[in-house]
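Before any comments, here is the structure.
Numbering (UniProt numbering), first residue to last: 1 to 151.
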């Protein structure tokens with residue numbers, strides 16, 4: 001079962017104050033919306049609370065770096081390799097994908113390679129835009145073949 005968050009200094013002060021005033025552990029737990037075991041463990045030795053180190057491997061990137069990775073992925077639509085090169089990170093591309101998947105608002109999708117626009121394509125697009133830029137009602141008579149519904 002995962003651990004909850006540690007008690008803040010404010011919560012620790014409230015626990016000590018309520019305990020000294022004679023409140024029961026269950027009342028303190030209800031007031032702070034914490035488990036009574038958490039309160040009783042703190043009251044056994046308040047000076048040692050939070051001194052034990054958490055087990056497990058340390059993370060190789062900090063929160064600031066995670067925010068930078070998310071920002072580049074969302075705003076600039078960069079691949080994980082490009083993000084790693086831009087931020088000069090010493091982590092793998094799969095770790096960057098992990099960071100992106102941790103955030104529920106960012107969904108990682110593999111980038112599909114597309115051919116670059118050639119100079120002639122750019123000129124053709126510009127010519128098309130200039131030729132039809134004054135069309136207004138004429139566009140209502142055009143049927144685009146990539147539309148899904150034709151009404």
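Glycine included, every Cβ here is placed at the ideal spot set by N, Cα and C.
Task: residue 61 vs residue 91 beta-carbon contact at 8 angstroms - done: Here residue 61 refers to the residue found at position 61 when the chain shown is read from its first residue. Here residue 91 refers to the residue found at position 91 when the chain shown is read from its first residue. The answer is yes: Cβ separation under 8 angstroms.
- [ ] Find the nearest neighbour of residue 5 within the set 49, 26, 25 and 73, judged by alpha-carbon distance.
- [x] On the chain shown, residue 5 is found 5 positions in, with the first residue counted as 1. With distances taken between Cα atoms, residue 5 lies closest to 49.
- [ ] Indicate whether the contact test is met: 3 or more Cβ pairs, each with one atom in the stretch 56 to 71 and one in the stretch 33 to 40, closer than 8 angstroms.
- [x] Three or more Cβ pairs closer than 8 angstroms define a contact, and the stretch 56 to 71 falls short of that threshold against the stretch 33 to 40.
Open item on the list: When you compare the CB positions of residue 71 and residue 103, do they come within less than 8 angstroms of one another, or not?
Closed with: The sequence position of residue 71 within the chain shown is 71, counting from 1. The sequence position of residue 103 within the chain shown is 103, counting from 1. Their beta carbons are not under 8 angstroms apart, which means residue 71 does not touch residue 103 by this criterion.
Task: Cα-Cα separation between residue 135 and residue 129, rounded to whole angstroms - done: Position 135 of the chain shown, counted from the start, is the residue given in the question as residue 135. Position 129 of the chain shown, counted from the start, is the residue given in the question as residue 129. Answer to the nearest angstrom: the Cα atoms are 10 angstroms apart.
Task: Distance, residue 27 Cα to residue 20 Cα - done: As a working mapping, residue 20 is identified with position 20 in the chain shown. As a working mapping, residue 27 is identified with position 27 in the chain shown. The C-alpha of residue 27 is placed about 13 angstroms away from the C-alpha of residue 20.
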